[in-house]
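See below for the structure under consideration.
Protein chains: 2
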Amino acid sequence: MDRVVNFSAGPSAMPLEVLMRAQSELVDTNHAGMSVMEMSHRSKAFEDILENTKHLLKKVMSIPENYKILFLQGGASLQFSMIPLNLLQKDHEAAYIITGSWSQKALKEAKKVGQTTVIATSEETQFRNIPDFSQITHKENLSYVHITGNNTIEGTRFTTLPKTDAPIINDWSSGILSEEINVSDYGVIYAGAQKNLGPSGVTVVIIRDDLIGHAPDNLPTMLDYKTHEKSDSLYNTPPTFGIYMIGLMLEWIDSLGGLKEIEKRNREKASLLYEAIDQSSLFYSPVNKEDRSLMNIPFKTDSEETDKAFIEFAASKQLVELKGHRSVGGMRASMYNAMPIEHVERLCSAIREFEEKVK
Amino acid sequence: MDRVVNFSAGPSAMPLEVLMRAQSELVDTNHAGMSVMEMSHRSKAFEDILENTKHLLKKVMSIPENYKILFLQGGASLQFSMIPLNLLQKDHEAAYIITGSWSQKALKEAKKVGQTTVIATSEETQFRNIPDFSQITHKENLSYVHITGNNTIEGTRFTTLPKTDAPIINDWSSGILSEEINVSDYGVIYAGAQKNLGPSGVTVVIIRDDLIGHAPDNLPTMLDYKTHEKSDSLYNTPPTFGIYMIGLMLEWIDSLGGLKEIEKRNREKASLLYEAIDQSSLFYSPVNKEDRSLMNIPFKTDSEETDKAFIEFAASKQLVELKGHRSVGGMRASMYNAMPIEHVERLCSAIREFEEKVK
Ligand SMILES: Cc1ncc(COP(=O)(O)O)c(C=O)c1O
Ligand SMILES: Cc1ncc(COP(=O)(O)O)c(C=O)c1O
Ligand SMILES: [Mg+2]
Ligand SMILES: [Mg+2]
Ligand SMILES: [Mg+2]
Ligand SMILES: [Mg+2]
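Keeping their order, the protein sequence lines are chains A and B. Here the first sequence is numbered in UniProt numbering, starting from 1 and rising by one per residue. Here the second sequence is numbered in UniProt numbering, starting from 1 and rising by one per residue.
The following block contains the structure:
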């Protein structure tokens with residue numbers, strides 16, 4: 001079948017070049033006489049792959065020396081627990097800014113571990129905006145402040161950060177590698193790989209080294225960041241193929257000019273679609289303008305039936321996975337790095353064409 | 001480069017047919033117009049893959065209706081914790097049979113959770129045999145009895161099971177799919193995928209349904225078997241590519257005639273190598289004859305230097321990854337399903353040739 005245009009929120013479209021490269025060496029990777037999937041994780045051949053992936057991530061994200069890169073399993077969902085289990089100190093609180101279902105889930109897991117406090121939430125607007133957190137009274141004894149930097153479901157994104165002495169923890173699952181950020185603004189950045197990084201099954205954790213090593217003794221070994229830092233992500237068998245694929249994705253980003261160029265493209269792509277939505281009298285964006293995500297763009301009409309008809313219309317043009325998350329309804333276009341502007345243009349045309357048709 | 005003969009203990013050799021099949025559809029899987037890596041885990045296309053993999057595992061292992069199949073992350077190492085966290089009841093003990101480093105690690109994690117008891121160990125023989133557990137006095141209030149069905153490092157394997165009313169938990173990482181077993185003899189069978197199942201990054205858990213749902217309320221959601229059972233392994237984003245690869249591996253096994261035929265081949269392969277080792281006056285097997293593994297075969301000479309020379313000699317014939325685990329030394333040949341008997345014959349020839357040479 002011809003390649004479809006895939007607006008899935010994750011797992012999501014990958015660059016055709018990257019897929020073809022992986023395909024070409026799937027049976028014999030790096031001339032090792034075996035597939036990357038067959039390599040012992042303790043072999044030189046795989047260690048080179050791991051080092052290369054780490055090196056490229058450091059380069060592309062300009063990660064400072066005092067941060068460690070860990071490749072873990074369990075998805076961002078397991079980080080919801082690992083963060084408080086490792087970082088929430090006795091007689092301290094963990095602060096959360098609640099901007100959608102993912103932050104709610106993160107908070108729920110932290111509550112099982114210790115004291116939490118919500119310092120801002122946009123629940124009352126159904127998460128259509130990033131709440132104001134500028135007036136946060138200075139809190140004592142905060143172990144950290146947790147944010148969801150890009151809200152995959154609600155289509156919002158942080159453009160400023162809370163002023164706090166506590167380390168900021170960023171669930172950056174759907175934002176990572178989409179724009180330049182200053183890593184040293186954060187204590188921990190974590191992300192499930194299945195958007196801009198690679199296939200599902202790898203979780204990347206970028207952690208400031210002073211935050212490692214404070215877990216309680218009875219914590220399961222696998223949940224302690226120290227375990228993975230000490231062994232360079234090789235305590236047990238890591239998801240080797242996923243780490244290899246992340247390396248290929250990063251080489252591709254690097255070859256395009258890095259995150260500066262990627263961010264420029266992503267801003268152009270997002271502007272194009274927001275413009276088409278804003279100009280339309282049929283479709284609208286539910287999201288507050290200043291807080292709009294570059295990656296995940298929900299839009300709607302006033303009728304569920306019309307939404308459904310549009311999704312079918314788009315699918316007939318090979319534009320697929322446009323159904324919005326069930327908690328929001330309508331449509332959602334996720335446009336990660338792999339999506340070229342031409343594909344966004346096709347969606348914009350479909351929007352205009354559909355509006356003409358139903359007028 | 002030509003394909004090497006890969007004796008790695010895991011990740012390990014995969015069937016060339018399977019790799020070539022995966023390669024042929026890496027960019028467009030099942031005519032979906034996208035790679036399996038790009039499919040939303042909530043899409044019909046991926047659900048078909050998940051169902052197919054589950055269906056084939058059920059068929060190949062003859063898994064009874066009252067068992068659930070879960071595809072998780074974190075490797076067998078995370079199961080070392082999930083088992084006691086889910087199954088070790090208050091005022092009960094978890095019993096362990098200690099047959100090597102993996103069972104020791106499993107026990108260590110259980111001790112963090114609750115009361116444990118070691119009902120047999122072969123530590124005093126450096127794990128060269130499976131200890132006698134026939135005289136186990138009937139214990140009350142056991143939540144389970146944990147065994148390591150095949151000991152990847154030490155090269156031993158269970159051929160009988162303890163007589164107990166408690167559910168038997170089997171770390172079957174390096175034994176799964178290598179021989180027929182009676183699933184209903186066990187409460188839980190778990191395995192990291194990276195030997196006979198597929199690539200690393202997926203953990204398969206086969207669990208009797210009455211054992212699900214007894215976890216304490218404050219357990220992280222991701223560590224509760226109930227979470228994954230309720231959502232059919234789709235609570236969060238599963239390792240989609242790995243699940244797909246396991247499906248291809250199972251199709252291959254099924255096409256060969258299933259586990260009956262696979263076990264026959266594995267017995268032939270193992271006999272061949274044990275014979276060559278036993279007949280040699282230079283090499284010997286450190287393992288008690290009755291307890292010898294079909295998958296992982298350690299062997300040695302009396303000199304570390306000679307071991308090293310043999311490993312180099314073998315490598316010059318493209319027989320690679322023969323270095324024994326550092327805790328055992330010498331050599332280890334892991335011969336999972338993907339290894340044809342011809343490759344074992346090449347190792348046997350190398351053994352004889354080397355012995356001639358150094359005589
Ligand atoms: C912002 C965010 N956080 C967390 C998750 C959960 O990630 P995972 O499925 O890897 O557990 C997602 C998944 O899409 C997400 O978008
Ligand atoms: C018997 C056994 N148990 C546990 C493990 C650890 O598995 P993982 O690396 O998936 O955590 C291994 C790894 O090879 C093993 O052979
Ligand atoms: Mg969200
Ligand atoms: Mg509009
Ligand atoms: Mg062992
Ligand atoms: Mg001998």
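Cβ atoms here follow ideal geometry from the backbone N, Cα and C, with glycine treated the same way.
Closest to residue i by C-alpha separation, out of the options, would be which residue?
{"i": "Lys264/B", "options": "Gly192/B, Glu180/B and Leu219/B", "result": "Glu180/B"}
{"i": "Pro239/A", "options": "Asn6/A, His41/A, Pro15/A and Asp171/A", "result": "His41/A"}
{"i": "Gly198/B", "options": "Ser316/A, Ser285/A, Thr237/A and Ile176/A", "result": "Thr237/A"}
{"i": "Asp185/A", "options": "Thr159/A, Gly258/A, Asp291/A and Val202/A", "result": "Thr159/A"}
{"i": "Gln279/A", "options": "Glu345/A, Ile351/A, Lys54/A and Ile297/A", "result": "Ile351/A"}
{"i": "Gln115/A", "options": "Gln104/A, Ile97/A, Ile206/A and Pro84/A", "result": "Pro84/A"}
{"i": "Met295/A", "options": "Phe313/A, Ala309/A and Tyr274/A", "result": "Tyr274/A"}
{"i": "Val134/B", "options": "Glu51/B, Asn151/B, Thr164/B and Val287/B", "result": "Residue 134/B is actually Ser in this sequence, not Val. Here the closest residue by C-alpha is Thr164/B."}
{"i": "Trp102/A", "options": "Leu56/A, Thr156/A, Ser24/A and Lys58/A", "result": "Thr156/A"}
{"i": "Gly100/A", "options": "Gly75/A, Asp209/A and Arg128/A", "result": "Arg128/A"}
{"i": "Val183/B", "options": "His146/B, Ser62/B and Asp232/B", "result": "Ser62/B"}
{"i": "Arg346/A", "options": "Leu248/A, Ile130/A and Gln318/A", "result": "Gln318/A"}
{"i": "Tyr284/A", "options": "Met222/A, Ile297/A, Asp291/A and Pro216/A", "result": "Ile297/A"}
{"i": "Ala191/B", "options": "Leu26/B, Leu70/B and Ala32/B", "result": "Leu70/B"}
With a threshold of 8 angstroms on Cβ separation, who are the neighbours of residue i within its own chain once the five nearest residues in sequence on each side are excluded?
{"i": "Leu87/A", "result": "Ala94, Ser143, Tyr144, Pro167, Ile169, Gly187, Val188, Leu211 and His214"}
{"i": "Ile341/B", "result": "Arg265, Glu268, Lys269 and Leu272"}
{"i": "Gly329/B", "result": "Lys300, Glu304 and Asp307"}
{"i": "Phe46/A", "result": "Val36, Met39, Ser40 and Thr240"}
Who does residue i pair with in a DSSP beta bridge?
{"i": "Lys68/A", "result": "Ile207/A"}
{"i": "Val145/B", "result": "Ala95/B and Ile168/B"}
{"i": "Phe299/A", "result": "Met331/A"}
{"i": "Leu319/B", "result": "Val5/B"}
{"i": "Gly192/A", "result": "Thr203/A"}
{"i": "Val118/B", "result": "Tyr96/B"}
{"i": "Thr156/A", "result": "Asn151/A and Arg292/A"}
{"i": "Tyr235/A", "result": "Paired residue(s): none; Tyr235/A is not in a bridge."}
{"i": "Tyr284/A", "result": "Lys300/A"}
Among the residues of its own chain, which have a CB less than 7 angstroms from the CB of residue i, if the five just before and after it don't count?
{"i": "His325/A", "result": "Ile153 and Arg332"}
{"i": "Arg252/A", "result": "Note that residue 252/A is Trp in the sequence shown, not Arg. Once the five neighbours on either side are set aside, the close Cβ partners of Trp252/A are Pro15, Glu17 and Val18."}
{"i": "Gly258/A", "result": "Val60"}
{"i": "Glu123/B", "result": "Ile98"}
{"i": "Phe241/A", "result": "Val36 and Met37"}
{"i": "Leu250/B", "result": "Thr53, Leu56, Leu57 and Val60"}
{"i": "Leu161/A", "result": "Ile168 and Asp185"}
{"i": "Phe80/B", "result": "Lys105, Ala106 and Glu109"}
Excluding the five sequence neighbours on either side, which residues of its own chain have a C-beta within less than 6 angstroms of the C-beta of residue i, listed in chain order?
{"i": "Tyr244/B", "result": "Val36 and Ile49"}
{"i": "Phe7/A", "result": "Glu321, Leu322, Ala333 and Ser334"}
{"i": "Gly149/B", "result": "Phe158, Asn170, Trp172 and Gly175"}
{"i": "Lys195/A", "result": "Gly10, Ser12, Ser174 and Tyr336"}
{"i": "Leu282/A", "result": "Thr301 and Glu355"}
{"i": "Glu229/B", "result": "Lys68 and Ile212"}
{"i": "His343/B", "result": "Val5"}
{"i": "Thr117/A", "result": "Glu93 and Ala95"}
{"i": "Phe310/B", "result": "Phe354"}
Cβ-heavy atom distance between residue i and ligand 8 below 8 angstroms?
{"i": "Lys105/A", "result": "Among the ligands present in this structure, namely ligand 1, ligand 2, ligand 3, ligand 4, ligand 5 and ligand 6, ligand 8 is not found."}
Requested in this report: Mind checking the segment 187–218 of chain A against chain D and listing, in chain order, the residues whose C-beta falls within less than 7 angstroms of any C-beta there?
Outcome: Given the protein chain composition of this structure (A and B), no chain D is represented.
Report task. Anything with a beta carbon under 6 angstroms from a heavy atom of ligand 2 counts; list them all in chain order. Result -> Around ligand 2, the residues whose beta-carbon falls short of 6 angstroms from at least one of its heavy atoms are Asn236/A, Thr237/A, Gly10/B, Gly75/B, Ala76/B, Ser77/B, Trp102/B, Thr148/B, Thr152/B, Asp171/B, Ser173/B, Ser174/B and Gly192/B, given in chain order.
Requested in this report: Scan the segment 221–245 of chain A for residues whose Cβ lies nearer than 8 angstroms to a Cβ of chain B and list them as they occur along the chain.
Outcome: Here the close residues are Thr221, Met222, Leu223, Tyr235, Asn236, Thr237, Pro238, Pro239, Thr240, Phe241, Gly242 and Met245.
Query - Contact residues within the segment 14–25 of chain B, judged by C-beta distance below 8 angstroms to chain A - result: Within the segment 14–25 of chain B, the residues whose Cβ lies closer than 8 angstroms to some Cβ of chain A are Met14, Leu16, Leu19, Met20, Ala22 and Gln23, listed in chain order.
**Report entry** Under 8 angstroms (Cβ pairs) to chain A, residues found in the segment 255–273 of chain B
**Finding:** Residues of the segment 255–273 of chain B with a C-beta atom less than 8 angstroms from some C-beta of chain A do not occur.
Report task. Could you name the residues of the segment 323–342 of chain A whose beta carbon sits closer than 9 angstroms to any beta carbon of chain B, in the order they occur along the chain? Result -> From the segment 323–342 of chain A, only Ala338 have a Cβ closer than 9 angstroms to chain B.
**Report entry** Contact set between the segment 54–88 of chain A and chain B, restricted to residues whose Cβ is under 7 angstroms from the partner
**Finding:** Those residues of the segment 54–88 of chain A that come within reach of chain B (Cβ to Cβ, closer than 7 angstroms) are Gln73, Gly74, Gly75, Ser77, Leu78 and Ser81.
Query raised in the report: Which of the residues in the segment 155–173 of chain A, read from start to end, lie with their CB under 9 angstroms from any CB of chain B?
Result: Those would be none; no residue qualifies.
Query raised in the report: Looking at chain B, which residues of the segment 26–43 of chain A have a Cβ within less than 8 angstroms of any of its Cβ atoms?
Result: With the criterion set as a beta carbon lying under 8 angstroms from some beta carbon of chain B, the members of the segment 26–43 of chain A are Leu26, Val27, Asp28, His31, Ala32, Gly33, Met34, Ser35, Met37, Glu38, Met39, Ser40, His41 and Ser43, in sequence order.
Query - Residues, ordered as in the chain, of the segment 108–132 of chain B that lie near chain A by beta-carbon distance below 7 angstroms - result: Residues passing the 7 angstroms Cβ filter: Glu109 and Lys112.
Query raised in the report: Got a sec: which bits of the segment 3–14 of chain B sit with their beta carbon under 8 angstroms from any beta carbon on chain A, in order along the chain?
Result: Legend: CB atoms of the segment 3–14 of chain B lying less than 8 angstroms from CB atoms of chain A belong to residues Arg3, Val4, Asn6, Ser8, Ala9, Gly10, Pro11, Ser12, Ala13 and Met14.
Requested in this report: Select from the segment 311–322 of chain B all residues with a C-beta closer than 9 angstroms to any C-beta belonging to chain A, and list them in chain order.
Outcome: Residues passing the 9 angstroms Cβ filter: Gln318, Val320 and Glu321.
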